[in-house]
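Note that the sequence shown covers residues 214 to 382 in my numbering.
Just so it is clear, CB atoms sit at the ideal spot from N, CA and C, and this is done for glycine as well.
Predicted, not measured: the structure shown is a model, and the values here were computed from it.
Notes for the one structure printed next.
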Amino acid sequence: SQSVTMEDFPYTFDLEHLIGVARAAQREILAVYEEDPEEWKVQAKADESPVTKADLRANAVICDALTAKYPSIPITSEENCKVPYSERKEYVYSWNIDPLDGTKEFIKRNGQFATNIALVRGQEPVVGVVQVPCTGDTYWAVKGKGAFVRKPAEGDTDRRLEGTPFEDR
Numbered sequence: 214s215q216s217v218t219m220e221d222f223p224y225t226f227d228l229e230h231l232i233g234v235a236r237a238a239q240r241e242i243l244a245v246y247e248e249d250p251e252e253w254k255v256q257a258k259a260d261e262s263p264v265t266k267a268d269l270r271a272n273a274v275i276c277d278a279l280t281a282k283y284p285s286i287p288i289t290s291e292e293n294c295k296v297p298y299s300e301r302k303e304y305v306y307s308w309n310i311d312p313l314d315g316t317k318e319f320i321k322r323n324g325q326f327a328t329n330i331a332l333v334r335g336q337e338p339v340v341g342v343v344q345v346p347c348t349g350d351t352y353w354a355v356k357g358k359g360a361f362v363r364k365p366a367e368g369d370t371d372r373r374l375e376g377t378p379f380e381d382r
């Protein structure tokens with residue numbers, strides 16, 4: 214497990230917890246993915262992009278887990294009501310999440326979708342986790358430590374990804 218320290222983060226940051234949250238969202242998404250598509254409750258958001266029961270269930274799991282562990286850190290989510298940028302730009306730390314990135318691909322059942330969770334300091338991402346439900350692969354990065362992939366097919370061990378912008382910064 215990787216340790217992560219951030220100078221002014223008001224909590225002890227736990228990368229394994231964050232990966233666990235992304236994998237919990239994956240379980241919710243896959244549970245819906247395996248249902249009859251008639252049960253997905255596809256609706257249109259204000260921008261006409263689709264949202265499904267999988268988006269909402271994954272969003273709830275992520276928001277509940279992050280709020281429980283990091284209660285004072287605000288969450289900006291694709292599925293939650295929008296906080297104006299004038300307010301968001303004042304956040305010291307915030308979570309940016311897209312519980313189901315690729316809803317159109319989910320609806321097409323082509324497997325090309327993911328869960329994205331990022332911890333942002335000011336305007337800069339400092340930690341990110343991308344979970345790919347159909348493969349179980351987890352991609353994660355920490356500013357200054359690099360980016361890694363953890364694949365069930367490779368024994369769930371962390372393998373460094375070379376040449377990423379998260380290294381040495």
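| message | Rounded to the nearest angstrom, what separates Gln325 and Lys317 at their Cα positions? | response | The C-alpha of Lys317 is placed about 9 Å away from the C-alpha of Gln325.
Pro312 in three-state terms, based on DSSP: In this structure, Pro312 counts as strand in the three-state DSSP scheme.
So Asp277 is in the alpha helix (DSSP H); what residue range does that whole segment cover? 266 to 282
task: Measure the Cβ-Cβ separation of Ala327 and Val345 and say whether it is below 8 Å.
output: yes
**Prompt:** According to the neighbour-count rule (16 or more other Cβ atoms, all chains shown, within 10 Å of its Cβ), is Thr351 buried or exposed?
**Reply:** buried
Practice item. Using the Cα positions of Leu374 and Lys358, report the straight-line distance between them to the nearest angstrom. Key: 11 Å
- Query: What residues match up with Leu243 in a beta bridge as DSSP calls it?
  - Reply: Looking at the DSSP assignment, Leu243 forms no beta bridge with any residue, so it has no partner.
Quiz prompt | the stretch 302 to 313 in contact with the stretch 267 to 274 per 3-pair CB rule at 8 Å | solution = yes
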